[in-house]
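Numbering (my numbering), first residue to last: 105 to 475.
In structure tokens:
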């Protein structure tokens with residue numbers, strides 16, 4: 105079974121729009137600057153990747169803003185030919201973690217307020233909300249959802265909304281107290297807080313709408329017994345197991361991976377985990393000269409919105425090389441210890457027009473075919 109990523113709306117520190125994020129990466133723009141309203145462990149303004157680096161919001165204010173931008177981008181990209189499409193909405197947010205400034209109560213409140221915003225924004229559009237549920241598994245939420253879809257089968261459309269923001273003083277203070285925010289000479293193995301949202305329209309082949317942005321071929325989830333906060337020796341097996349399961353699920357359609365994407369966020373644990381996984385895959389699964397790609401180094405750590413940042417980076421790389429990519433996207437959750445892997449292929453016809461333009465330039469249509 106192949107799952108179609110019909111299209112994706114996106115918002116990040118680069119601004120609203122998937123095209124904006126892709127172009128920013130092609131132009132080597134940077135979105136990480138010092139935030140004037142939050143001082144880090146080095147007594148300097150904290151390096152952040154927010155749309156507004158002159159202020160610090162709250163999670164409750166940031167999420168509606170980012171989700172609204174991502175949905176607007178998706179609706180604009182879909183265009184008028186989509187018709188009326190009923191969708192089951194799956195809202196993927198961060199995991200409950202009181203130590204990180206996000207209590208279960210905060211997430212419960214968000215589960216009550218965000219759906220109303222989404223319903224209101226989609227009312228009267230081509231996407232008709234048939235139902236909605238929330239998943240709180242941070243970076244691994246989308247992977248677990250897609251793994252479930254492959255396991256149970258898909259006969260309807262899903263709109264998966266992934267959103268997160270560290271532009272929240274409670275979250276920043278909690279991470280600062282743990283020494284997990286990047287600071288020059290003090291905590292230089294720690295994360296740079298970011299924010300993003302992605303709205304992914306997932307369809308079965310039978311419901312295809314034009315050319316999809318990408319094809320999702322497999323997904324898998326495993327749980328690591330020893331997590332990154334446990335400070336204990338580990339073989340980091342779960343990430344490797346999930347990657348092998350996702351790739352093996354392709355069966356005879358399996359091909360070498362030429363884009364290896366990890367959620368490394370400047371933390372040594374995640375760097376080691378990704379390195380272990382890559383070492384275990386290199387002999388049979390990775391194409392030649394494959395090096396890891398790190399979305400967090402372009403967008404900052406965007407938490408539950410990581411899959412959107414990964415897809416934006418994969419699209420930018422596909423456009424830059426003017427060829428489709430067979431990508432493996434790895435993700436890990438800090439507290440639940442879940443690990444997920446997703447296999448996807450970009451669609452060369454949808455590489456933002458660049459690939460088609462290149463083909464037409466390099467391979468002109470014979471005159472007899474024009475007549």
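A virtual CB, placed ideally from N, CA and C, is assigned to each residue, including glycine.
Could you check the C-alpha separation between residue i and residue j for me, to the nearest Å?
i	j	result
residue 451	residue 439	35 Å
residue 184	residue 367	35 Å
residue 371	residue 361	24 Å
residue 224	residue 343	38 Å
residue 214	residue 198	11 Å
residue 205	residue 274	5 Å
residue 476	residue 288	Nothing can be reported for residue 476, as the shown portion of the chain is limited to 105 through 475.
residue 466	residue 416	Legend: pLDDT at residue 466 = 42, less than 50; position of this residue unreliable, no value from coordinates given.
residue 56	residue 139	Beyond the ends of the chain as shown, which are 105 and 475, falls residue 56; an answer cannot be given.
residue 149	residue 365	30 Å
residue 351	residue 255	15 Å
residue 212	residue 251	24 Å
residue 242	residue 375	18 Å
residue 420	residue 128	9 Å
residue 433	residue 141	34 Å
Could you give the DSSP three-state label for residue i: helix, strand or coil?
i	result
residue 258	coil
residue 478	Residue 478 lies beyond the range of the chain shown here (105 to 475); nothing can be said about it.
residue 419	helix
residue 241	coil
residue 403	helix
residue 382	helix
residue 121	coil
residue 235	strand
residue 182	helix
residue 126	helix
residue 252	helix
residue 408	helix
residue 272	coil
Provide the residue span of the beta strand (DSSP E) that contains residue i, from first to last.
i	result
residue 196	189-197
residue 111	107-116
residue 141	137-143
residue 230	Neither: residue 230 is in no beta strand (DSSP E) and is coded neither H nor E.
residue 448	442-450
residue 365	363-365
Hey, could you find the ends of the alpha helix (DSSP H) residue i is sitting in?
i	result
residue 160	Per DSSP, residue 160 belongs to no alpha helix (DSSP H) and is neither H nor E.
residue 223	208-226
residue 436	Run containing residue 436: none in the alpha helix (DSSP H); it sits in the beta strand (DSSP E), 430-436.
Inside the segment 277-349 only - beta strand (DSSP E) runs reaching at least 3 residues: The qualifying runs are 299-308, 318-327.
Touch check for the segment 170-184 and the segment 107-119: three-plus C-beta pairs under 8 Å? Yes: the two stretches touch, three or more of their Cβ pairs being nearer than 8 Å.
Taking contact to mean 3 or more Cβ pairs, one atom from each stretch, closer than 8 Å, check whether the segment 242-260 and the segment 380-389 are in contact. Touching, no.
Report yes or no: do three or more beta-carbon pairs, one from the segment 294-310 and one from the segment 116-136, lie closer than 8 Å? Verdict: yes, contact present.
Under 8 Å: do the segment 402-411 and the segment 325-336 share three or more Cβ pairs, one atom per stretch? By the Cβ test, the segment 402-411 is not in contact with the segment 325-336, since fewer than three Cβ pairs between them sit closer than 8 Å.
The segment 313-331 / the segment 277-296 touching (three or more Cβ pairs under 8 Å): Segments in contact, no.
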